[in-house]
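> What follows is a single structure, and I will ask about it in a moment.
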Amino acid sequence: MEALYQVLGLEWLDYRSILIFLFLFALFADIVKHWRPEDYPPGPWPIPFIGDIARIRLSTIHLDFAQLAKKYGNIFSIRLFGGNMVVINGYKLVKEALAVRGEDYIDRPTVPIFDDLTGNSGLVLSNGYLWKQQRRFALHTLRNFGLGKKSLEPAIQQECQYLAEALEQQKGEPFNPRIILNKAASNIICCLVFGERLEYNNKEHQRILIDFTELVEAQGSVWAQLYNIAPWLMKRLPGPHQKMFTLSQNIINYVQVKIDKHRETHDPSNPRDYIDCFLSEIAEKKDKEAGFDLKNLCISAMDLFVAGTETTTTTLTWALLFMTYHPHIQEKVQAEIDAVVGSSRLPSLQDRDDLHYTNAVIHEVQRMGNIIPLNVLHMTTKDTTLENYTIPKGVMVVGCLDSVLNDSTMWETPDTFNPGHFLDENGKFRKREAFLPFSIGKRVCLGEQLARMELFLFFSGLLQRFTFSAPKGEPLTMEMDMSLVRAPKPYRLCAKLR
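Quick note: the sequence shown uses our numbering, first residue 13, plus one each step.
This is how it looks when you write it as structure tokens:
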């Protein structure tokens, strides 16, 4: 080595000098990579190499963002998830960015952990032509199978019956409602994607539901963020982050088995579900760039399965907690259901127009439940401006839904559970423009109509038959756990038949 230094004229260097040089070079490269233009949104000065992860508590990230907005304004910058990020707060600015100028923010960023798990595949994290074709196909196909239509209503009502039976079996004893709600919600999306519902005691189905709950929690952990900072290192090191790949592969394997069974019995003239329709598209081989292949089918089906289960489950878990915490509101909902529907039949979608208070309560659950407070990440497709700031191409953007659902300029009592937010002076249900739990713009949640149907039919059906209360000696808390979704901390309640 010393001889090589002499040949190169570097004999004056020692190991310490080399390390200092490499550190300064890496520091310079980090500064250049994350350089911010003069009119870039303000924000805290990031720590070299690790960004702002040290000053953000992932368990309360939306609350930390709210504090940063108070200090730097409704558009501020931060460095997280391995790259530069701009956070947009408040209804007017979020609407301006994601709806009015939606094309400028339509892409998803390349976050290392998600990129290594799925790449540019599926419905949630893909971009470009592939994403547009896959989203169009999914919407068209799922609508054909009843998405957003009354033809799907009987299946949801039937599942509500199974759910009620499962609650009856608890015999008024304390239980964790999330487990049962998860099974019920997953069965609706299973019917659309896999063409079948599964019994609540199905061991394989129970295991996969646990796996994807753990996966969602792991993806919001500090280990996932460390992976995003140094993926080249973390993918080679052991640790809790490696479990994400195991859990993801378990779900993929589960979906792959479903696909293989469909391939054995596939009849193009009689499609049973989303998978059958996708297999027909693969067989036609019309457009290779559109992503109609077995890998993308697997990731897309997994996206639908995970997203269609987790969000509805978490919202219903909040709903029962709010009703138990506010028994006077629960009683008022039950009185309205008794007056409009009675007890001889299940509530139907047609009843929604007459169940004004019940509908208002469901909407307030979604507002206060706030299950995706940071929204799903967006990325700028070109240099763009918002107010007086320039946001360069390729920057991650958070259209913060927490700031919209709690915007004090749009809601009378943003910090209080108040169904009156959705009632007019005559007690009739009214829509609110800042009600955006499903986001806004071209990336709005694909399953919004399905989720609305499920929430109304499940919630009204459960309140029709049961009164929910806290177990004796177990005071309820409104504390939450934050991962990729904002969920209430595990709790137990009692369901008493009315």
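Cβ coordinates follow ideal geometry from the N, Cα and C atoms, glycine included.
Check this for me: beta carbons of GLY473 and ASN240, under 7 angstroms apart or not?
The sequence position of residue 473 within the sequence shown is 461, counting from 1. The sequence position of residue 240 within the sequence shown is 228, counting from 1. No, the pair does not count as a contact, with Cβ atoms beyond the cut-off.
> Taking the C-alpha atoms as reference points, what is the distance between LYS82 and ILE73?
Sequence index remark: in the sequence shown, residue 82 carries index 70 (1-based). Sequence index remark: in the sequence shown, residue 73 carries index 61 (1-based). Roughly 14 angstroms separates the two Cα atoms.
> Report the residue from ALA242, ASN101, PRO359, LEU159 whose alpha carbon sits nearest the alpha carbon of LEU462.
Taking the sequence shown and counting its residues from 1, the one referred to as residue 462 is at position 450. Comparing Cα positions, the closest option is LEU159.
> Check this for me: beta carbons of LEU221 and ASN199, under 7 angstroms apart or not?
Indexing the sequence shown from 1 puts residue 221 at position 209. Indexing the sequence shown from 1 puts residue 199 at position 187. No, these two residues do not count as a Cβ contact at 7 angstroms.
> Grab the span of the beta strand (DSSP E) containing ALA507 for me, first residue to last.
Here residue 507 is taken as the residue at index 495 of the sequence shown, counted from 1. It spans 506-509 - the beta strand (DSSP E) in which ALA507 sits, taken as one unbroken run.
> Taking DSSP as the reference, what is the three-state secondary structure of PHE478?
On the sequence shown, position 466 is the one that residue 478 refers to. Correct three-state label for PHE478: strand.
> Using the rule of at least 16 other Cβ atoms within 10 Å of the residue's Cβ for burial, across every protein chain shown, is GLU491 buried or exposed?
The sequence position of residue 491 within the sequence shown is 479, counting from 1. Burial call: exposed.
> Looking at C-beta atoms only, is the number of pairs between the region 395-414 and the region 346-362 that lie closer than 8 angstroms three or more?
no
> So, with DSSP's three-state summary, where would you put GLY411?
Residue numbering aside, residue 411 sits at position 399 when the sequence shown is read from its first letter. Residue state, collapsed to three classes: strand.
> Taking contact to mean 3 or more Cβ pairs, one atom from each stretch, closer than 8 angstroms, check whether the region 110-122 and the region 454-471 are in contact.
The region 110-122 vs the region 454-471: in contact.
> So ILE271 and ILE294 are in contact, right, with Cβ under 8 angstroms, and what is the actual spacing, rounded?
Stepping through the sequence shown from its first residue, residue 271 is reached at position 259. Stepping through the sequence shown from its first residue, residue 294 is reached at position 282. Actually they do not touch by this definition, with Cβ atoms about 10 angstroms apart.
> Give a yes or no on whether the C-beta atoms belonging to SER89 and GLY55 are separated by under 7 angstroms.
Reading the sequence shown from its first residue, position 77 is the one you call residue 89. Reading the sequence shown from its first residue, position 43 is the one you call residue 55. Cβ distance < 7 angstroms, so SER89 and GLY55 count as in contact.
> Going by beta carbon distance, what residues of the same chain come within less than 6 angstroms of TYR103, once the five residues before and after it are set aside?
Position 91 of the sequence shown, counted from the start, is the residue given in the question as residue 103. Excluding residues within five positions, the ones whose Cβ falls inside 6 angstroms are VAL416, ASP419, MET422, ALA446.
> Can you grab the Cα-Cα spacing for the pair VAL407 / SER360, in whole Å?
Against the sequence shown, residue 407 aligns to sequence position 395. Against the sequence shown, residue 360 aligns to sequence position 348. C-alpha of VAL407 to C-alpha of SER360: approximately 45 angstroms in a straight line.
> Is the separation between the beta-carbon of GLN145 and that of LEU135 shorter than 7 angstroms?
Within the sequence shown, residue 145 is the residue found at index 133, counting from 1. Within the sequence shown, residue 135 is the residue found at index 123, counting from 1. Not in contact: GLN145 and LEU135 (Cβ atoms no closer than 7 angstroms).
> Just the Cα atoms here: how many angstroms apart are PRO431 and HIS375?
Translated into positions along the sequence shown, residue 431 becomes position 419. Translated into positions along the sequence shown, residue 375 becomes position 363. C-alpha separation (whole angstroms): 8 angstroms.
> Could you compute how far the alpha carbon of PRO250 sits from the alpha carbon of MET335?
Residue 250 sits at position 238 when you count from the first residue of the sequence shown. Residue 335 sits at position 323 when you count from the first residue of the sequence shown. Between the alpha carbons of PRO250 and MET335 lies a distance of about 43 angstroms.
> Whose C-beta lies closer than 6 angstroms to the C-beta of GLU216 among residues of the same chain, with five residues either side of it excluded?
As a first step, residue 216 is located in the sequence shown; it is residue number 204 there, counting from the start. No residues qualify anywhere along the chain.
> What residues in its chain sit with their C-beta under 7 angstroms from that of ARG284, if we drop five residues either side in the sequence?
By 1-based counting over the sequence shown, the position of residue 284 is 272. Excluding sequence neighbours, ARG284 sits near GLY207.
> Helix, strand or coil for THR489 per DSSP?
Residue mapping note: residue 489 aligns to position 477 of the sequence shown, counting from 1. Coil, per DSSP.
> Taking 8 angstroms as the cut-off, does the region 227-243 touch the region 484-500 (at least 3 CB pairs, one atom from each stretch)?
yes
> Quick check: the Cα distance between LYS307 and HIS274, rounded to an integer number of angstroms?
Residue 307 sits at position 295 when you count from the first residue of the sequence shown. Residue 274 sits at position 262 when you count from the first residue of the sequence shown. Cα to Cα, the separation comes out at about 15 angstroms.
> Can you give me the start and stop residues for the alpha helix (DSSP H) that PRO166 sits inside?
Position 154 of the sequence shown, counting from 1, holds the residue named residue 166. In the DSSP assignment, PRO166 falls within the alpha helix (DSSP H) that extends over 165-180.
> Return the chain-ordered ranges of every alpha helix (DSSP H) run that is complete within the region 226-259 and spans a minimum of 4 residues.
234-241, 243-246
> Judging by CA-CA distance, which residue of PHE468, CYS310, PRO252, PHE480 is the nearest neighbour of VAL267?
Here residue 267 is taken as the residue at index 255 of the sequence shown, counted from 1. Residue CYS310 holds the alpha-carbon nearest to the alpha-carbon of VAL267 among PHE468, CYS310, PRO252, PHE480.
> Would you kindly work out how many angstroms separate the C-alpha atoms of ILE32 and PRO252, rounded to a whole number?
Start at 1 with the first residue of the sequence shown, and residue 32 comes out as number 20. Start at 1 with the first residue of the sequence shown, and residue 252 comes out as number 240. Near 32 angstroms, if we compare the C-alpha coordinates of PRO252 and ILE32.
> Measure the C-alpha to C-alpha separation of ILE383 and ALA499 and round it to an integer number of angstroms.
As a working note, residue 383 is residue 371 in the sequence shown. As a working note, residue 499 is residue 487 in the sequence shown. Going by the C-alpha atoms only, they are around 6 angstroms apart.
> Excluding five sequence neighbours on each side, which residues of the same chain lie with their C-beta closer than 7 angstroms to the C-beta of GLU466?
The residue you call residue 466 lines up with position 454 of the sequence shown. Excluding residues within five positions, the ones whose Cβ falls inside 7 angstroms are ILE168, ALA197, ILE200, THR324.
> Looking at ALA507 and LEU179, is the spacing between their C-beta atoms short of 7 angstroms?
Along the sequence shown, read from residue 1 onward, the residue named residue 179 stands at position 167. Along the sequence shown, read from residue 1 onward, the residue named residue 507 stands at position 495. Taking 7 angstroms as the Cβ cut-off, LEU179 and ALA507 qualify as a contacting pair.
> For the candidate residues THR329, VAL106, LYS183, whose alpha-carbon lies nearest to that of ARG190?
The count along the sequence shown starts at 1 and reaches residue 190 at position 178. Per the Cα distances, THR329.
> Out of curiosity, what's the CA-to-CA distance linking ARG155 and LEU316?
Numbered from 1 along the sequence shown, position 143 holds the residue referred to as residue 155. Numbered from 1 along the sequence shown, position 304 holds the residue referred to as residue 316. Those two C-alpha atoms are separated by around 14 angstroms.
> Would you tell me roughly how many angstroms separate the C-alpha atoms of ARG148 and VAL345, rounded to the nearest one?
On the sequence shown, residue 148 is found 136 positions in, with the first residue counted as 1. On the sequence shown, residue 345 is found 333 positions in, with the first residue counted as 1. The straight-line gap from Cα to Cα measures roughly 38 angstroms.
> Contact check, HIS338 vs PHE429 under 8 angstroms by CB: the rounded distance?
As a first step, residue 338 is located in the sequence shown; it is residue number 326 there, counting from the start. As a first step, residue 429 is located in the sequence shown; it is residue number 417 there, counting from the start. The pair is a contact, with the Cβ atoms about 6 angstroms apart (cut-off 8 angstroms).
> Compute the distance between the beta-carbons of PHE471 and ALA242, then report whether it is under 7 angstroms.
Along the sequence shown, read from residue 1 onward, the residue named residue 471 stands at position 459. Along the sequence shown, read from residue 1 onward, the residue named residue 242 stands at position 230. Result no, Cβ atoms of PHE471 and ALA242 do not sit closer than 7 angstroms.
> Report the three-state DSSP secondary structure of GLY95 (helix, strand or coil).
Against the sequence shown, residue 95 aligns to sequence position 83. Collapsing the DSSP output to three states places GLY95 in a strand.
> Please tell me whether HIS368 and LYS440 are closer than 7 angstroms, where the distance is taken between their beta carbons.
As a position in the sequence shown, residue 368 is number 356, starting the count at 1. As a position in the sequence shown, residue 440 is number 428, starting the count at 1. Taking C-beta atoms as the reference points, HIS368 and LYS440 count as a pair closer than 7 angstroms.
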